[in-house]
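Comments concern the structure below.
Below, the structure is given as structure tokens:
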């Protein structure tokens, strides 16, 4: 739920993608702040280039990525617990007033 509107999705990947879209619309600097934070050891959770999501694995970048907003890509080859970590990181960088408007249930 975001700003009083309930959204449903068929998968965790869809939930996280939708949240990132909504946060980008509400907070124009969100993706830049999120991308600047430490992600995984090698992979990026979001990037402006698909190939940065899975370094050295263009095949994975093609199969396991979605464009969340024009010019920003998100990797989708993650477990539910990984997606929860990604959402926790997103909540750290989003504007505080938006954080309180977001209720997420992926587990």
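Numbering (our numbering), first residue to last: 122 to 228. Using N, Cα and C, we set each Cβ at its ideal position, and we do this for glycine too. Everything numeric in this text was worked out from a predicted model, so none of it was measured.
- Of the residues assessed, residue 202 falls on the exposed side of the cut-off, its CB having fewer than 16 other CB atoms within 10 angstroms.
- In the three-state reduction of the DSSP assignment, residue 196 falls in the strand class, which pools E and B.
- Nearest neighbour of residue 169 by Cα position, chosen from 191, 178, 151, turns out to be 191.
- Residue nearest to residue 205 within the set 141, 143, 177, 137 is 137 (criterion: CA-CA distance).
- In the three-state reduction of the DSSP assignment, residue 188 falls in the strand class, which pools E and B.
- The three-state reading of DSSP puts residue 207 in helix, counting H, G and I together.
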